[in-house]
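**Student:**
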């Protein structure tokens with residue numbers, strides 16, 4: 006929802022923090038673990054059907070990245086079985102290509118959510134720095 010909100014309502018926000026978000030339901034379905042695919046297709050729609058694929062592409066935040074001009078902090082786990090890290094990677098690449106300020110934190114030893122205290126703490130404090138800089142207007146050193 007963060008990515009959808011950040012692309013659709015960019016003029017109403019100052020910044021955003023996306024944690025394990027899907028940047029495209031099509032690529033999400035294509036890259037999620039096979040054991041999850043059929044259940045997610047029931048939930049989100051079957052990307053193999055042309056009309057559904059066209060609809061899912063039309064609402065994908067990565068396909069509306071040009072509308073996202075405010076700073077964003079994207080967080081992902083490299084071993085996430087629910088939302089593949091590739092979802093974050095493609096969003097970060099698209100944002101960097103157009104010059105949108107993006108902070109990216111990808112933990113190589115985490116899955117869906119940061120379970121290890123050192124990683125959870127790092128994410129927490131990085132989020133505080135991001136919010137201080139971009140929402141509160143503070144100077145981060």
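Numbering (the numbering used here), first residue to last: 6 to 146.
Built from N, CA and C at the ideal position, the CB exists for glycine as well.
Owing to the predicted nature of the structure, the values given are computational and were not obtained by experimental measurement.
1) Could you round the C-beta distance between residue 36 and residue 89 to whole angstroms and report it? I think they count as a contact, below 8 angstroms.
2) Please classify residue 23: does DSSP put it in a helix, a strand, or coil?
3) So the alpha helix (DSSP H) residue 64 belongs to, where does it begin and stop?
4) Would you call the CB atoms of residue 65 and residue 34 closer than 8 angstroms?
5) Should residue 21 go down as buried or exposed, given a rule of 16 or more other Cβ atoms within 10 Å for buried?
6) Could you please give the first and the last residue of the uninterrupted beta strand (DSSP E) stretch that includes residue 80?
7) Can you check which of these residues, 82, 131, 74, 23, is closest to residue 16 by C-alpha distance?
8) Please report the distance separating the alpha-carbon of residue 78 from that of residue 135.
9) Report the residue from 120, 132, 51, 92 whose alpha carbon sits nearest the alpha carbon of residue 25.
10) Rounded to the nearest angstrom, how far is the Cβ of residue 117 from that of residue 94, given a contact under 8 angstroms?
**Tutor:** Taking the structure as given:
1) Beta-carbon to beta-carbon, residue 36 and residue 89 are separated by about 4 angstroms, close enough to satisfy the 8 angstroms threshold.
2) Looking at residue 23 - three-state DSSP - the assignment turns out to be strand.
3) That run of the alpha helix (DSSP H) goes 55 to 64.
4) Taking 8 angstroms as the Cβ cut-off, residue 65 and residue 34 do not qualify as a contacting pair.
5) Within 10 angstroms of the beta-carbon of residue 21 lie 16 or more other beta-carbons, which makes it buried.
6) Residues 77 to 82.
7) The shortest Cα separation from residue 16 among 82, 131, 74, 23 belongs to 74.
8) If you take the alpha carbons of residue 78 and residue 135, they lie about 7 angstroms apart.
9) Measuring from the Cα of residue 25, the nearest candidate turns out to be 92.
10) Distance from residue 117 to residue 94 at the Cβ level is roughly 16 angstroms; contact not present, criterion being Cβ atoms closer than 8 angstroms.
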